[in-house]
Amino acid sequence: MPVSPPPSDGPLSASPESATFEQLTIVDLIRHGGSLFAEAGLTFGHSYDNALDEATQLVLHALHMPHDLSPVYGQSRVTTAEKAKVLALFGRRIRERVPAAYLTGEAWFAGLSFKSDPRALVPRSPIAELIEAGFEPWLGGREVRRALDLCTGSGCIAIATGHYHPDWEVHGIDISDDALSLAAENKARLHADNVAFRKSDLFSALDGEVYDLIVTNPPYVTDDETDALPQEYAHEPELGLRAGDDGLDLALRIMRDAPAHLSEHGLLICEVGEAERALVELLPELPMAWVEFKVGQMGIFVVERQDLVEHRDRIRELADARG
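Residue numbers (the working numbering): 1 to 323.
Written out as structure tokens, the structure reads:
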């Protein structure tokens, strides 16, 4: 669905010296927005998971304030023009059900600011926590020279990985030209010189390419779940969500083909979300380590290349059955 561009970053008032201040403070506006969003029954989950955090994001954006503004400024009063701009953003969020990141044009991932728009999903994977931890303890100190982000979307995983590991060569792959154009803009935005993007349907255009680490957040939402998603998700490309009856159409193809692109002691890290249970039921003997995050288990597994090779016949059978 088309989304109007974020509000202009132009002056908040044509005559700053004559600005009229309201009695409202920044905290007042945030509280008001949180109440409005809760009353409207909005769905959260695009970078922020609650009404107050989204209201905070929109207020600070409208006021041209940093996202980590010190609470000491919370009691600052806003001008009439600033209040109007904030309320206009609140109105769009409620009427159009647009994810806040698309309204602001920005999403934070692994401590980095990414451009975000409907060309790709809003960055929000818990893989960010793994990146900031250096993929430990899962790498176990093994050497990584080349890493691959499969289904890169906005480029957030590839670029964040390259940012925290400037000595690595990182590739980001996607089938969507729109997503790749956004990823290229984020590469320039964050000066990610050790990251390269290219078009490929999973591994199809990667003949001969071998990596020490493959990280992937592929589509993993079932068909039924995709059809029933709240309106906020309709603004995102369906290509990045839908993944068959059990959500594993792409994950199984990735697991089948990954060994040919992993070095001898290479590692695959893959996000499957709520499809975790279905995957364990299909491959109960495959030794997958499910990552525990600060907020608990989030449907992300780690598997060694040698284990994928050992169970390749069963994985191939399952993947091939899906076409």
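Every residue, glycine too, gets a C-beta built ideally from N, C-alpha and C.
Out of Glu132, Ala258, Pro99 and Pro123, the CA that lies nearest to the CA of Ala183 is found in Pro123. Measuring C-alpha to C-alpha distances from Glu209 to each of Glu54, Phe109 and Glu169 identifies Glu169 as the nearest.
Residue state for Ser204 is assigned as coil, using DSSP reduced to three classes. In the structure shown, the three-state DSSP call for Glu271 is strand. C-alpha of Thr161 to C-alpha of Glu132: approximately 8 Å in a straight line. Around the beta carbon of Lys294, a 10 Å sphere encloses fewer than 16 other beta carbons of the protein chains shown; the residue is thus reported as exposed. Three or more pairs of CB atoms, one per stretch, sit closer than 8 Å, so the segment 142–154 contacts the segment 174–192. The three-state secondary structure of Val98, taken from DSSP, is coil.
Residue burial is scored here from C-beta neighbours: Tyr48 has at least 16 other C-beta atoms within 10 angstroms and is therefore classed as buried. The beta carbons of Arg97 and Glu285 sit about 43 Å from each other, so the pair does not count as a contact at 8 Å. Under a 10 Å Cβ-count criterion, Val86 is classified as buried, with 16 or more other Cβ atoms of the shown protein chains found around its own Cβ.
In this chain, the alpha helix (DSSP H) harbouring Met255 covers Asp249 to Asp257. DSSP, reduced to helix, strand and coil, places Gly240 within a helical segment of the structure shown.
Counting only residues of its own chain and dropping the five nearest sequence neighbours on each side, Arg305 has a CB closer than 6 Å to the CB of Pro259, Leu262 and Gly266.
Taking every protein chain shown into account, the CB of Lys115 has 16 or more other CB atoms within 10 angstroms, so this residue is buried. Buried is the label assigned to Asp249, since at least 16 other Cβ atoms lie within 10 Å of its Cβ. In the three-state DSSP reduction, Val210 falls in the coil class, being neither helix nor strand. Minimum Cα-Cα distance from Glu185 among the listed residues Leu252, Arg256 and Glu106 corresponds to Glu106. Spatial neighbours of Met288 in its own chain (CB-CB distance under 6 Å, excluding positions within 5 residues in sequence) are listed in chain order as Phe301 and Val303.
The continuous stretches of beta strand (DSSP E) do not include Asp167, and DSSP gives it neither H nor E.
In the displayed model, His235 falls within a helix according to three-state DSSP. The C-alpha of Val78 is placed about 43 Å away from the C-alpha of Ala196.
Close CB contacts of Ser76 within its chain, under the 7 Å cut and outside five residues either way in sequence, are with Thr25 and Ile26 (chain order).
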